[in-house]
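Asker: Residue numbers (mature numbering (1 follows the signal peptide of the UniProt record, and there is no 0)): -20 to -1, 1 to 293. Even for Gly, the Cβ is constructed at its ideal location relative to N, Cα and C.
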Ligand SMILES: [Zn+2]
Ligand SMILES: [Zn+2]
């Protein structure tokens, strides 16, 4: 009996260890398709308590997820109850349009970001002339549905109404323009790293990514980092002076080689890498996918997310 119990416990632990997070992409592209732009729900497995990582597209993504059976409730419940807060990586429209458009129907929640991004929201979007000020600072009348939570200093803070915590890191996205990344951590100290738009350090003349890699290298080493969501916007052939603060497959490999130096190449093997922000145009997406799959020196596990399709991490 004891043996059976022990084995049950062990299997449960293994199971827990195998799947810790639900990740539901609501939008996966970096442009053009306004119904499928960067937005990813991350939450502890089975809890339906999500932080929305960027919010380029909300409603169309929630509808797609319901259509695919990812959610067995209505869109209003997902928007109002399941999404507990937003992380907005930077002020570009393709990362926040869904939040702004859906704000009249939304419930009260927090917007987590750097102080710079909160400033863009405050001065450019939640104003009286561009939209209505649904947030808690800025142009009157202030409706106060959203509360800005500004975190720019990489220290840990709680994601309210969930058991998760997070840290925000700066990124360079067409120097000197800043974007940011967020490391979301559960109570078991397992994490998922999401990067907003970013260029490579060499191209950006920045050390933002190296600093980030230095912070997450210990988590790669001890296998507690369950996945990295990172952008690849353009194909290798695109000239480096026309990347506008984005990555190519080649530049992604360059960055991973730096992460490998800070941890160990063996630790990167099979690490789940979820590719975000592919920019549609001609057959660019097919080319980028081919280049990523054919030249994968670190042997990471490359995943192309699909709108509405749950990924378990
Ligand atoms: Zn973008
Ligand atoms: Zn951007």
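1) If we ignore side chains and look at the alpha-carbon of each, how far apart do residue 258 and residue 212 end up?
2) For residue 12, does the count of other Cβ atoms within 10 angstroms reach 16, so buried, or fall short, so exposed?
3) In three-state terms, what does DSSP make of residue 211?
4) Going straight from the alpha carbon of residue -5 to that of residue 235, what length do you get?
5) Just to confirm, does residue 11 get its C-beta within under 8 Å of one of the non-hydrogen atoms of ligand 1?
6) Quick one: what's got a C-beta closer than 6 Å to residue 145's C-beta in the same chain, skipping five residues either side?
7) Which stretch, first to last residue, makes up the beta strand (DSSP E) that contains residue 171?
8) Is DSSP giving residue 230 helix, strand or coil here?
9) Distance, Cα to Cα, residue 205 vs residue 117?
10) Using beta-carbon positions only, say whether residue 123 and residue 179 come within less than 9 Å of one another.
11) Is residue 64 closer than 9 Å to residue 170 when the C-beta atoms are compared?
12) Apart from the five residues on each side of it in sequence, which residues of its chain come closer than 7 Å, Cβ to Cβ, to residue 30?
13) For my contact list, residue 70 and residue 160 are in at a C-beta cut-off of 8 Å; report their separation, rounded to the angstrom.
14) If you draw a straight line from the C-alpha of residue 153 to the C-alpha of residue -2, how long is it?
15) Should the region 31 to 43 be regarded as contacting the region 278 to 286, the criterion being three or more beta carbon pairs within less than 8 Å?
16) Roughly how many whole angstroms lie between the Cα atoms of residue 182 and residue 151?
17) Taking the continuous alpha helix (DSSP H) assigned at residue 80, which residues delimit it?
18) So what's residue 187 in DSSP terms, helix, strand or just coil?
19) With DSSP collapsed to three states, give me the class of residue 54.
20) Got a sec: does ligand 2 put a non-hydrogen atom nearer than 8 Å to the Cβ of residue 152?
21) Which first and last residues belong to the alpha helix (DSSP H) in which residue 244 is found?
22) For residue 102, collect the residues of the same chain with a Cβ closer than 6 Å to its Cβ; drop the 5 residues on either side in sequence, then sort them by chain order.
23) Would the beta-carbon of residue 160 be found less than 8 Å away from any heavy atom of ligand 1?
Answerer: So, from the listed chains and residues:
1) 6 Å
2) Exposed, by the Cβ-count rule.
3) strand
4) Any reading at residue -5 must be qualified, since the residue scores a pLDDT of 47, below 50, and its modelled position is unreliable; no value is offered.
5) yes
6) 136, 138, 165
7) For residue 171, the enclosing beta strand (DSSP E) begins and ends at 171 to 175.
8) helix
9) 35 Å
10) no
11) no
12) Excluding the 5 residues flanking it on each side, residue 30 has same chain C-beta neighbours closer than 7 Å at 21, 22, 23, 62, 63, 64, in chain order.
13) Taking 8 Å as the upper bound for CB-CB distance, residue 70 and residue 160 are in contact here, some 6 Å apart.
14) 32 Å
15) no
16) 13 Å
17) 77 to 82
18) coil
19) coil
20) no
21) Following the DSSP letters along the chain, one finds residue 244 in no alpha helix (DSSP H), marked with neither H nor E.
22) If we look at residue 102 and ignore the five residues flanking it on each side, its Cβ neighbours are 117, 118.
23) no
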